[in-house]
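Residue numbers (the working numbering), protein chains in the order written: chain A, 217 to 530; chain B, 245 to 549; chain C, 227 to 618.
The block underneath contains the structure these notes are about, expressed in C-alpha cells.
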Amino acid sequence: MRDTLYIPLRPWPTLGVVAALALLPLAAATLGQPFYVVFATRVLIYALIATSLNLLIGYGGMVSFGHAAFVGAGAYAVAMLMPAGVASAWLLWPAALLAGAGFAFLVGAVSLRTRGVYFIMITLAFAQMAYYLVLSLRVLGSDDGLTLSNRPSLGLVDLNRDTTFYYAALAILLAALAGMRVLLNAPLGRALQGIRDNETRMEAIGFATYRLKLLVFVIAGAAAGLGGGLLVSLNGLVGPNLLNWTQSGLLMIMVILGGAGRLLGGALGAVLLLVVEEAIAEHTIHWPLVIGVVLLAVVLFAPQGLSGLMRRRA
Amino acid sequence: MPPSLIAEQLLNGLQLGLMLFLLAAGLTLVFGIMDTINLAHGSLYMIGAYIAASVIEASGSFLLGIAAAIAGTALVGVALEMALLRRLYRRSHLSQVLATFAVILIANEIVRMIWGSQPILLNMPPALSGPVELLGLRYPAYRLVVIGVGLATAVLLYLLVARTRAGMWVRAGASDREMAEVMGVDTRRLFTLVFAIGAALAAVAGALLGPLLAVQVGMGENVLILAFVVITIGGIGSIRGALLASLLVGLVDTAGRAFLPYLFRQMFPAVIAAEAGPAVASMLIYVLMAAVLYFRPTGLFPARG
Amino acid sequence: MRRLISALLLSAVAVLPALATARAADKVKVGFLSTLSGPGGALGVDMRDALLLAVKLNGGKLGGLPAEVNVVDDQQKPDVAREAIERFTKRDNVDLITGMVFSNVLLPVMPAILNTGTIYLSTNTGPEDYAGEKCNPNFFAVAWQNEDIPGAMGEVMNQRGLKNVYLIAPNYPGGRETLAGFKRFYKGKIADEVYVKLGQLDFAAEIANIRAAKPDAVFFFLPGGMGINFVKQYVAAGADKDAKLFTPGFSADEDTIKAVGEPMIGILNTSQWAADLDNPANKKFVAEFQKEYGRPPTMYASQAYDVALLVDAAVKQIGGKVEDKEALRKALTEAKFDATRGKFRFNKNNFPIQDYYLREVYKDAGGRITNKTIGKVFSDFQDVHAEKCKMK
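What follows is the structure in C-alpha cells.
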C-alpha cells in the first residue's frame, strides 16, 4: 500500500535549493546589492513563522488567527531582555522560543475547546487582547515600540554582519523544516493528520486528541516566538503592529498561498508574497491591487496553493 | 454618577449594539446559509458608504443616496458572487479566506483610485442633525433613526427567514444542499439572491453609519473584525444570536468606556488607574468573546453543525 | 483616471533612477519615506504631492542640481520603514531622508538613520526624544515640536477665560504628549482627562460623560478618522452648544473639513501655518497646489513643501556640493529661505523657532468651508526642551 502521508526527501532538488540559498549573499555582493541580503533574511524569518503556522493550519486543521501574538511574545522577550544586559543570542533566542511556547500553551489550553470558525475567532480574541495590552503598557514602549542598539552576539560569529545573520537565519529555517518533516513522519505527525481529517474517530480509537493538539500548538507557538526573536534581532525594533490582527491575517494568507498542508507551503507563500511586494511597492502606491490580483489568480488557478502547482508540474 | 447618566449610557450601549447588528446581519446570513466566509463584507460596507456619499453630494437627497447605495452594492454583490464566490462554495474555507482577502485589497485600491486617499463627506440630513428630547433625555435624533432601522432590519430578517417560502428554501439549501436541489430548489439562483441581500445589508450599514463615522479607504476592515466578533458570539448563522450578541457587545463596550475609568479611580492609585482603565476597556469585547466561547464553544445560539 | 495615471507616472519617475548604483555628485537624491497606503495614507500622499510639486515648480531641481525623489511607502509599519532605510542608505545612497508621518514609525527607525550619519528632515512629528538631551545634528524637525501646537491652544484657552476644560486623546504616547503640551500652558481646572482606544469608532459614551461633567470647553486631540468620527457625533448630540470644541490644527485642517463639512464650523484650532497667511511663498504654494491637484493644501502639505524649499536653499548655499555632509548640515541649520508659514529658523536643537496662529473654521462668502486666521498666539516660539540640548 502506498503511504500517502509520508513526506519523502528528494535529495537532489533539496540540495540545489539549499546551495542556491547559500550562494545568495555572494551573488548580492558580486552584483553590488548588499541591501538584498537583509531583505532575504527577513524573507527567511517570515518563512520560518509561516511554516510554523502551516503546521497548525495544514497538518493540524487548527486555523489560528492569532499567530502574530506568539511572534510578538518572542520579539518582546528579546527586546526586554537585551536592555537588561542579556546579549548572547544563545540565551535570547531560546528565551524568545520559550515566550512563544508559554503564551501558546495558555491560549491553546483554552482555545482548543472550540473548533472550526470558533477556533479561528477565539485565537483572534487572545491575540487582540495581547495587542491592546502591549499598546497600553508604557514599559513595553506602547505605540512607539522598543528599539535595540545592537544585534545579539552569537559567540564566535558576528551577527552585526548582515551576511552572518543571513546564514544564521537560513540554518534555523532549514533545521525547522527538517524537524517538521521528522515530526510529521513520526507517529505523532500521523496522529495529528488523523485528527485533522476526523477528530471524533481518532478520539474513539483512544487518542488523547486534546493533549496532542495542544502539544503541536505549543511547538508552533515556540517556532513563531523564535521567529519574532529573530525579527527584532535583525531590525533592532519592535512595535505593537507586529501583533495586530492584520499581521496574523497576512501569515494566514502566506500559508494558504503557498499551500496549506505541504511541507514547504508556508515558506513558499512567504517568499512569493514578500518578493512580489518588494518588487512592486516602490513602483506604485496601488501595490495592494497587484497583490490582490496575484492572490485571486492563485485561488482560481492553483487550488492547492503554489506548492500544489509545482507538484502537478513535476 | 447620576441615574439619568447611567440610563443614557445604557441607551448608548443598545444603540451601539444595533449599529453592530447592521454590520453583522449580512455577514451571518451569508455565512450561515451559504457556509461561506466573506472577508469582503467590510469592503461592501465601504462601497455602500461611498456610493451613498456620492449620490447625496450630487442629488442633495439623503433617501436617494441610501437607495442608490443599496441597489449599487447589491449589484456589486451579485457580480462578485457570479464571478468569484460561486467557484468557491465547494472549496475549503481557506480558499474563501484567500479569495475574499484579495477582494479587500482590490476594492480598497479601486475606491482610492476613484475617490482619492482623503476621507470624503457624508452627512446626515439637516432635519436629523441635532438632538431631540426623549423622556427628559437629550438624545441625537440620528442615533434614534439608527436604533429604528436596526430593530426593523432584525424583525424583517427574522420574518424573511422563518416565515416566508423563500426563507424556507434558504433554510433547506443551508441544511442540505443536495436534498434541496432534489426537491426542486434552484440553489444556484438562491445563493446569488442571498449574497445580494447580504451585500445590501452591508450597504445599509455603510450608508447609515457614514454620517456618524469617517468615510475613508480601509473603513471596512475595522468593522469587519467587530462584525465577526458579534456573529461568533451569537452563533454563526443565527439572526437572533447576532442580535443578542450585538446588544451584548454594544453594552459591554459602552459600559467599559463609560464606567471603568471611574471604577478604577475608586479602586487604584491615579497613575495605575489612568493606564489600566483605557487598556482594559479596549480589551473588553475580546475578553467577552473568549469567555463566551469557553463556556459555549459554538456561540450562544448555534445554528448549524 | 487622471489621478491614477499621474500617480503611476510619478512613481515611475521616482523609481527608475533608483536602479543606478553609481554615485553621481551632479544631483540631489532625496529618500521620501511615508505612509501612503492604508487608512493613514492620506497625510503621506498630501506630503508627497507637495514635495513633488515644489520640485516641479523649481524646474525639477533643488539648489540648482537635478533632484531625484525616491518615494517609498512605509505602510505605517516600522519594520517596513527600517528596510526602506537600508535601501536608501545601502543601495540608493540618498543625501537626505524625509517624509515620515507617524511617530510610531519614526521613533523605532530613527536610530538606524542617525547611525549611518544620514540627515533626516522631519515633515511632521517632532518628538520630545530628539528635542532635549538626545538632540542630534542630523535630525531636523521642520514642522514643530509635538507640544507646540497643543501648547498654543492651552494659551488660547487662558486668554479666553476658560477655566474648566475637558481633555480627550487616544491612549498612546503621542496622545499623552499632546495633552502634556496643552497642560504646560493651560492654567485652569481640568474637568477630566480621558484616553480612548486608538482607532475608536463610536464616541457616544464619552460624549455623554463630557456633557455630564459640564465643562466650559473641550480640547480634543484625535488624529485621522477618529477626529472625524468624534466631531460628527459631538455636533449631532448638540453638545457643541454647551461646550465648544478646541483642537490642534491636525484635526481641523482641509482634509477633516472636507470629510465633516458643516459641523466643523466654529471649531477653533492652532497651527504654525494657515492657507490665508499673507506672504508670497504661501500664495504661490496654495494656488499651485490647488491647480495641480484640484484640492486645497493641508498643513501637512505645507510642511513637506517647506522641506523642499529648505533643501533648495541649503544646496544652493553650498554651491551644490551635497557630498560635503558637514557643509550641508551647516547650511540647513541656517535655513535661509522663505517658508510658506513666514518667519522660520532653527533653534540649537534643530527644532523650529516660529509663530503659532489661531484659526477658526468658517464658511466664506463663496460658501466654501475653510480656516481663517484670527490671531497670533505665540511669536518666535521655541519649545521647552531646547534648553536641555547641548548642541552648539
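Built from N, CA and C at the ideal position, the CB exists for glycine as well.
Model, not experiment: these values are computed from the prediction.
For B:Leu457, which residues of its own chain have a beta-carbon under 6 angstroms away from its beta-carbon, when the five flanking residues on both sides are left out? Here the set comprises nothing.
Taking C-beta to C-beta, are C:Gly343 and C:Asn296 nearer than 8 angstroms? No, the pair does not count as a contact, with Cβ atoms beyond the cut-off.
Can you list the residues of chain C that A:Phe286 reaches, using a CB-CB cut of under 7 angstroms? Contact note: A:Phe286 does not reach chain C at a C-beta cutoff of 7 angstroms; the least C-beta distance is about 17 angstroms.
With C-beta atoms as the reference, is B:Ala451 less than 8 angstroms away from A:Val326? Taking 8 angstroms as the cut-off, the beta carbon of B:Ala451 is found no closer than this to the beta carbon of A:Val326.
Within-8 angstroms CB hit, C:Arg317 to chain A: Interface residue, yes.
For a cutoff of 8 angstroms on Cβ pairs, would you count B:Met427 as touching chain A? Closer than 8 angstroms: no.
For A:Thr500, which option in C:Met336, C:Ile454, C:Val537 and C:Asp300 has the closest C-alpha, if you only look at C-alpha atoms? Checked all of C:Met336, C:Ile454, C:Val537 and C:Asp300; the closest Cα to A:Thr500 is C:Asp300.
Using 8 angstroms for Cβ pairs, my map puts C:Val335 next to C:Ala534. What's the rounded Cβ distance? About 22 angstroms separates the two Cβ atoms, so there is no contact after all.
Under the criterion of a Cβ to heavy atom distance below 7 angstroms, does B:Leu452 qualify as lining the ligand GDP? Here there are no bound small molecules, and the ligand GDP is not part of this structure.
Keeping to the same chain, check which residues put their C-beta closer than 7 angstroms to that of C:Ala244; ignore five residues upstream and five downstream. Residue confidence for C:Ala244 is low, a pLDDT of 44 falling below 50, so the modelled location carries little weight and cannot support an answer.
Return the chain-ordered list of same chain residues with a C-beta closer than 7 angstroms to the C-beta of C:Leu283, the five sequence neighbours on each side being excluded. Closer than 7 angstroms at the Cβ level, and outside the excluded window around C:Leu283, lie Glu514.
Can you list, in chain order, the residues of its chain with a C-beta nearer than 7 angstroms to that of B:Ala268? Leave out the 5 residues immediately preceding and following it. Excluding residues within five positions, the ones whose Cβ falls inside 7 angstroms are Ala471, Val474, Ile475, Ala486 and Ser490.
CB contact flag (C:Gly267, C:Phe577, <8 angstroms): Against a cut-off of 8 angstroms, the Cβ pair of C:Phe577 and C:Gly267 comes out as no contact.
Unbroken alpha helix (DSSP H) run spanning B:Pro369, endpoints: Counting along the chain, B:Pro369 falls outside any alpha helix (DSSP H), and DSSP gives it neither H nor E.
What's the gap between the Cα of A:Trp309 and the Cα of A:Ala263? Computed Cα separation, rounded: 17 angstroms.
Using the three-state DSSP reduction, which class does A:Tyr222 fall into: helix, strand or coil? A:Tyr222: coil per DSSP, three-state reduction.
Sort out for me which residues DSSP pairs C:Leu471 with in a bridge. According to DSSP, which records beta bridges pairwise, C:Leu471 is partnered with C:Val444.
Candidates B:Met423, B:Val393, B:Val429 and B:Arg509: which alpha carbon is nearest B:Gly261's? Residue B:Val393 is the option with its Cα nearest to B:Gly261.
Does the beta carbon of B:Ser298 come closer than 8 angstroms to any beta carbon on chain A? B:Ser298 does not count as touching chain A.
Are B:Ala502 and C:Ala417 touching if we call contact CB-CB under 8 angstroms? Contact: no.
For A:Ala303, tell me which candidate among A:Phe255, A:Ile273 and A:Ser365 has the shortest Cα-Cα distance. The candidate whose alpha carbon is nearest that of A:Ala303 is A:Ser365.
Hey, could you find the ends of the alpha helix (DSSP H) B:Ser287 is sitting in? Note, B:Ser287: alpha helix (DSSP H), His285 to Ser303.
Determine the DSSP secondary structure at A:Arg329, reduced to helix, strand or coil. A:Arg329 falls in the coil class under three-state DSSP.
So A:Leu490 and A:Val259 are supposed to be a Cβ contact under 8 angstroms. How far apart are they, rounded? Taking the Cβ atoms as the reference, A:Leu490 lies roughly 5 angstroms from A:Val259, within the contact range of under 8 angstroms.
Closest by CA to B:Pro546, which one among B:Val493, B:Val531, B:Phe508 and B:Ile480? For the set B:Val493, B:Val531, B:Phe508 and B:Ile480, the Cα lying nearest the Cα of B:Pro546 is the one of B:Ile480.
Residues in the same chain with beta-carbon distance under 6 angstroms from B:Leu273, minus the five sequence neighbours each way, listed in chain order, please. Excluding its 5 nearest sequence neighbours in each direction, B:Leu273 has C-beta neighbours in its own chain below 6 angstroms: Gly442, listed in chain order.
Return helix, strand or coil for C:Leu424, following the three-state DSSP convention. Coil, per DSSP.
Rounded to whole angstroms, how far is the Cβ of C:Pro506 from the Cβ of A:Asn457, which I believe are closer than 8 angstroms? At roughly 42 angstroms, the Cβ-Cβ gap does not stay under 8 angstroms, so C:Pro506 and A:Asn457 are not in contact.
Could you compute how far the alpha carbon of C:Asn623 sits from the alpha carbon of C:Ala565? Outside the displayed range of chain C (227 to 618) lies residue 623 of chain C, so it cannot be described from this structure.
Any Cβ of chain B within less than 8 angstroms of the Cβ of C:Leu332? Cβ-Cβ to chain B under 8 angstroms: no for C:Leu332.
Between the beta-carbon of C:Thr404 and the beta-carbon of C:Pro376, is there less than 8 angstroms? Cβ distance < 8 angstroms, so C:Thr404 and C:Pro376 count as in contact.
Compare the Cα-Cα distances from A:Gly274 to each of A:Glu494, A:Leu512 and A:Gly482 and report the closest residue. Nearest of A:Glu494, A:Leu512 and A:Gly482 to A:Gly274, Cα basis: A:Gly482.
What did DSSP end up calling C:Gln498 once you bin it into helix, strand or coil? DSSP places C:Gln498 in the coil class of the three-state scheme, outside both helix and strand.
At a Cβ threshold of 8 angstroms, is B:Pro235 touching chain A? Outside the displayed range of chain B (245 to 549) lies residue 235 of chain B, so it cannot be described from this structure.
Where C:Ala439 and A:Glu419 are concerned, what is the direct C-alpha to C-alpha distance, given to the nearest angstrom? For the pair C:Ala439 and A:Glu419, the Cα-to-Cα distance works out to about 59 angstroms.
Counting only Cβ pairs nearer than 7 angstroms, list the residues of chain A close to B:Val515. Those do not exist, as B:Val515 stays about 10 angstroms from chain A at its closest Cβ, beyond 7 angstroms.
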